[in-house]
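Line order of the protein sequences matches chains A and B. Mind the numbering: the first sequence is residues 165 to 225 in the working numbering, read in order. Mind the numbering: the second sequence is residues 2 to 165 in the working numbering, read in order. We put the CB at the ideal spot given by N, CA and C, even for glycine.
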Amino acid sequence: MPILRTRKALGALKTGQTLEVLATDPGAVADFDAFCGATGHKLVDSGSTAGMHRFVIRVSA
Amino acid sequence: MTVAANTKMMTIIVTKGTLDWAYPPFILATTAAAMGVDVTMFFTFYGLPLLLKKLDLQVSTLGNPAMKMPMMGGHMAMPNLMAAMPGADALTTRMMKNLIAKKGVASIDELRDAAQEADVKLIACQMTLDLFEYKIEDMVEGVTVGGAATYMGRALESNLNLFV
């Protein structure tokens, strides 16, 4: 679900804007790498603390 | 979302209609769509009821030897004979739905809505509609009808074709 919801949220943003995603799904770590690779968006920051995973994505075209 | 010249395309043939088997095609389709893929799902045989406006998906322990559910601290399989008891499938289905809800997994209804929102194309197999006497009016809005040739045309253009 994190990828789906992220895509929906990104749709409302313009190039250059960033989105911060907080996810409890451990699979999201690998998924966001793949997502950014496939869509060209930039994963500017990521980190995990006690079951919560954080990703910051910048919209790139 | 604009479709660029290098957009990847994908098709999925959906042939199963139980609650458990409904997940793989919809998860794959929505994830691919989220990654910019142009997705077409072709629903045939027992996959066709996944397009009904009113979903009533069931799951059974019968013939599912790999189905070991987290119960009582471990993973338990059900003997086939238990599936013959009246109400067994209804109970199994209820338990599966509870597990799905408890783990925060989306329902098939939600996944299907998300798929349509992401412009995933849903095609109902004409032959199956006729064979099992379903009407297109019973299916959700936005479903188109096609045959094997329609599917084949999309598949031949696609980067990835899956059979579930």
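query: Distance check for M70 (chain B) and I101 (chain B), CA to CA, integer angstroms please.; result: 12 Å
query: Taking one C-beta from the region 145–158 of chain B and one from the region 117–133 of chain B each time, how about it: are there three or more such pairs within less than 8 Å?; result: yes
query: Can you give the beta carbon distance from V220 (chain A) to T182 (chain A), rounded, assuming they're within the 8 Å contact cut?; result: 6 Å
query: Could you work out which residues of chain A lie near A115 (chain B), taking near to mean beta carbons separated by less than 7 Å?; result: L168
query: Does the region 86–93 of chain B come close enough to the region 48–62 of chain B to have 3 or more Cβ pairs within less than 8 Å?; result: yes
query: Per DSSP, D209 (chain A) forms a beta bridge with which residues?; result: A:V220
query: Residues of chain A with CB closer than 8 Å to the CB of A102 (chain B), please, in chain order.; result: By Cβ distance, chain A contributes nothing, its closest Cβ being about 13 Å from A102 (chain B), past 8 Å.
query: With DSSP as the reference, label A176 (chain A) as helix, strand or coil.; result: coil
query: Could you spell out the range, first to last residue, of the alpha helix (DSSP H) harbouring P87 (chain B)?; result: Unbroken run through P87 (chain B): none, as it is neither H nor E.
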